[in-house]
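**Student:** Before we start, here is the structure in question, set down as structure tokens.
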Amino acid sequence: MKSISGSENATALVQTSFIEQCERFGEKRLFTFYKNQDEQDFLTGEDLAHQAKAISQVLQRKLAPGEKVLLIVPQGLYYICGLLACFDANVVVIPTPVTDPEQQEFIAEKVGPILKDSRAAFIITDSYFQGYLKNNELFSAIPMLSVEDLPLENLNLETRTKNLDDIALLLYTSGSTSLPKGVMLSH
Numbered sequence: 011m012k013s014i015s016g017s018e019n020a021t022a023l024v025q026t027s028f029i030e031q032c033e034r035f036g037e038k039r040l041f042t043f044y045k046n047q048d049e050q051d052f053l054t055g056e057d058l059a060h061q062a063k064a065i066s067q068v069l070q071r072k073l074a075p076g077e078k079v080l081l082i083v084p085q086g087l088y089y090i091c092g093l094l095a096c097f098d099a100n101v102v103v104i105p106t107p108v109t110d111p112e113q114q115e116f117i118a119e120k121v122g123p124i125l126k127d128s129r130a131a132f133i134i135t136d137s138y139f140q141g142y143l144k145n146n147e148l149f150s151a152i153p154m155l156s157v158e159d160l161p162l163e164n165l166n167l168e169t170r171t172k173n174l175d176d177i178a179l180l181l182y183t184s185g186s187t188s189l190p191k192g193v194m195l196s197h
């Protein structure tokens, strides 16, 4: 991506979206996740484009540009899809430190302070974490999407326009010695 120089809006992006790049390399394996030595999952460009676009569509329909989204999913390919979908929808993604399904009991402790500080308006999760989140009063009032329940038809919204100074990612410290602190990264 590069900025337009000499124009009225020097921060407007000239870009080919990652979704277009994924579609361009539709059959190529772009990401591989090794569950263990013998088991792996992968995303082709076509798979990644389709899943990220489906999540992005939901986000664009429910959130304004710049709103914040917690990403609470286990390590793996859904994490990548959620992250890239947020970039596509021009919402601020907040990856959380809870990525192992065995860590359910730590969600409130680790993610609660991040939720309070960031004022996230939405949660992207999976069905495993969603059951816990819906039953926890800290998270139950926040709209959420399980990455396994994606709309697979009518994916016709365009990538949202972004400026270089739009916040893309909000990373929080671990909070092991104090409350977590956020660091903002722009596009």
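Number 197 marks the last residue of the sequence shown (this note's numbering); no jumps. C-beta: ideal position from N, C-alpha, C; glycine also. In this text the structure is predicted, and so the values were computed from the model without any measurement.
When burial is assigned at 16 or more other CB atoms within 10 Å of the CB, is residue 38 buried or exposed?
**Tutor:** The residue in question, residue 38, is exposed, as its Cβ has fewer than 16 Cβ neighbours within 10 Å.
**Student:** Going by Cα to Cα distance, which pick from 51, 189, 157 is closest to residue 96?
**Tutor:** When each option's Cα is compared against that of residue 96, the closest is 157.
**Student:** Using the C-alpha atoms, what's the distance from residue 80 back to residue 125?
**Tutor:** Going by the C-alpha atoms only, they are around 8 Å apart.
**Student:** Give me the Cβ distance between residue 40 and residue 58, rounded to the nearest whole Å; I'm assuming they're in contact under 8 Å.
**Tutor:** That belief holds up - the Cβ atoms of residue 40 and residue 58 are roughly 6 Å apart, short of 8 Å.
**Student:** Hey, could you find the ends of the alpha helix (DSSP H) residue 75 is sitting in?
**Tutor:** No alpha helix (DSSP H) contains residue 75, which DSSP labels as neither H nor E.
**Student:** Just to confirm my understanding: we take residue 91, look at its own chain, exclude 5 residues before and 5 after, and list those with CB closer than 8 Å. What are they?
**Tutor:** Excluding positions up to five away in sequence, the list reads 53, 58, 61, 62, 65, 157.
**Student:** Taking its Cβ as the centre, do 16 or more other Cβ atoms sit within 10 Å of residue 193, making it buried, or is it exposed?
**Tutor:** By the neighbour-count rule (16 or more Cβ atoms within 10 Å), residue 193 is not buried but exposed.
**Student:** Assuming residue 136 and residue 29 form a contact by the criterion Cβ under 8 Å, report the distance between their Cβ atoms to the nearest whole angstrom.
**Tutor:** Residue 136 to residue 29, Cβ: 21 Å. No contact.
**Student:** At the level of alpha carbons, what is the spacing between residue 27 and residue 169?
**Tutor:** Using only the alpha carbons, I get a separation of about 7 Å.
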